[in-house]
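To start, the structure itself, in structure tokens.
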Amino acid sequence: MTYPHEPMYGWALTLDGVPVPIAAAQRGQRYLCPVCKKEMVPKMGDFKQHHFAHLNLLDCTPDNVARAVAGKWLVLTLTRYLASGQPVLIEWRTQNTSYKVDVLKNAAAIKENENTPQGQADIALLNKKGEAQVVILLGLGSPPEQEQLHQWTRNGTAVIVLNPTGVRTGQIQLDNLLAESEISGGWWLLDEKQLPPNLVRAPQMIRKVLRRAVRKPPYRFYGELHTEGAFSHLLEVEGHKLWLPQEVWRDTIGGARNRLGQDVDVLLQTWETHDGGQIALFYVTVRETTAVAVRRFQAGENIAFNLGTSAFRLPSVTAVDLARHLAGGPINFPA
Ligand SMILES: [Zn+2]
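Okay, so the sequence shown: first residue is 0 according to numbering that gives the first Met the number 0, each after it adds one.
Set out below in structure tokens:
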């Protein structure tokens, strides 16, 4: 039986049941389909993309075949690194800089198909307490929802979404697979020595500090993000130093983006308080400057911001001017 468009498979099993991406296949070896256990043959010629061919094709699609074993291969590969004490590095980027983080930092166990409190993960790297430090999604099927990713990052779990093409085709090694993946959260995996001292990094702690900043009168706070040595986007709050590049804010606080003009951006998030009030949090970017404003509203108080005023677009206005206004201060923009 022949097929006009014979699917190209990225994965097979050895006769011993070990997952093999096509990138690691060997000519002349015998392989089995992970789904139906029928024979597969590695095609590693010069003209077509390398792939496994399925000798008696039934209902096995390349995605199903990849889904059946790619996760298991990753668990085996990462476990080998963990056992040998080697780091597994991935790049965590901010707008201006990138940092290497070790995916295996604090990892004690690696599990497939793990049901975390925030959702189902293809792979989870657990710490000694059994909490997910990092989850990995294979990326097959529909792309994950942003909201789902943020549920993990807000809880302090980094999320790595793999490039589905790499996973499907099996044209992978661990390093290039991670280089092509997207990481959300994860700055807390950075080495201590890469960071300025007294930095608050845990997402839960960042939220706690911001919440505390408005717990007593005048129930408002604003501040400009500043640079210290090689480090930008630091916010001083009650003796703490919060590191808040936009990527960190997005994965820790989140919120809806309001574009007020060219190079004028406000991310707005609101939190309920125990007494029925609300806390509004603003991440303000005006050209090169960035500031944060937090304001607490009592129950029943009207939450209203005038984001429409054209004063924001004056070239002399900086992020901290806008933040002061959003925190409820007077509009005294420089002329
Ligand atoms: Zn099959």
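Where is the CB? At the ideal position from N, CA and C, for every residue including glycine.
Remember, predicted model here, so these are calculated numbers, not experimental data.
Identity of the residues DSSP links to residue i by a beta bridge
i	result
phenylalanine 220	Val293
valine 102	DSSP output for valine 102 lists no bridge partner at all.
arginine 258	Asp264
threonine 13	Tyr30
arginine 92	Ser97
threonine 269	Ala279
glutamate 227	Phe230
lysine 240	Leu198, Glu235
threonine 288	Val285
alanine 131	Leu125
serine 183	Val158
C-alpha gap between residue i and residue j, whole angstroms
i	j	result
tyrosine 282	glutamine 268	9 Å
cysteine 35	alanine 67	10 Å
threonine 317	valine 291	12 Å
leucine 233	isoleucine 278	21 Å
glutamate 237	alanine 212	7 Å
alanine 334	histidine 225	Caution is warranted here: a pLDDT of 43 is assigned to alanine 334, below 50, making its placement in the model unreliable, and the coordinate value is therefore given only provisionally. Alanine 334 and histidine 225: Cα-Cα distance of roughly 23 Å.
glycine 253	arginine 200	16 Å
asparagine 126	glutamine 132	6 Å
serine 83	arginine 286	47 Å
glutamine 261	glutamate 223	20 Å
phenylalanine 311	leucine 325	11 Å
threonine 1	asparagine 55	Only weak support exists for where threonine 1 lies, its pLDDT of 43 falling under 50; the value from the coordinates is given anyway. One C-alpha to the other measures close to 10 Å.
proline 217	glycine 275	18 Å
tryptophan 351	glutamine 172	Outside the shown range of the chain (0 to 334) lies residue 351, about which nothing can therefore be said.
proline 163	aspartate 45	24 Å
alanine 108	arginine 323	47 Å
glutamine 170	leucine 176	9 Å
glutamate 191	leucine 14	45 Å
glycine 299	glycine 118	35 Å
leucine 139	isoleucine 122	13 Å
phenylalanine 332	leucine 243	Note that phenylalanine 332 has pLDDT 49, beneath the 50 cutoff, so the model's placement of it is unreliable and no number is given.
aspartate 62	histidine 149	26 Å
proline 142	valine 158	13 Å
lysine 110	glutamine 48	31 Å
alanine 52	valine 64	12 Å
Beta strand (DSSP E) segment containing residue i, residue limits
i	result
glycine 118	118 to 125
valine 40	38 to 42
valine 285	277 to 285
histidine 49	Histidine 49 -> no beta strand (DSSP E), and no H or E assigned at all.
alanine 23	Counting along the chain, alanine 23 falls outside any beta strand (DSSP E), and DSSP gives it neither H nor E.
alanine 108	108 to 115
First and last residue of the uninterrupted alpha helix (DSSP H) at residue i
i	result
lysine 71	61 to 83
isoleucine 205	202 to 211
alanine 178	173 to 178
tryptophan 248	245 to 251
valine 319	318 to 325
Residue-level contact to chain C via CB, residue i, 8 Å cutoff
i	result
glycine 129	Note that chain C does not occur in the displayed structure, where there is just one protein chain.
- request: Give, in chain order, every unbroken run of the beta strand (DSSP E) that is at least 3 residues long and sits entirely within the stretch 141 to 165.
  value: Taking 3 residues as the shortest admissible run, the stretch 141 to 165 contains the following complete beta strand (DSSP E) segments, listed from N- to C-terminal end: 157 to 160.
- prompt: Using the beta carbon as the reference atom, which residues fall closer than 5 Å to any heavy atom of ligand 1, ordered along the chain?
  reply: Cys32, Val34, Cys35, Cys59
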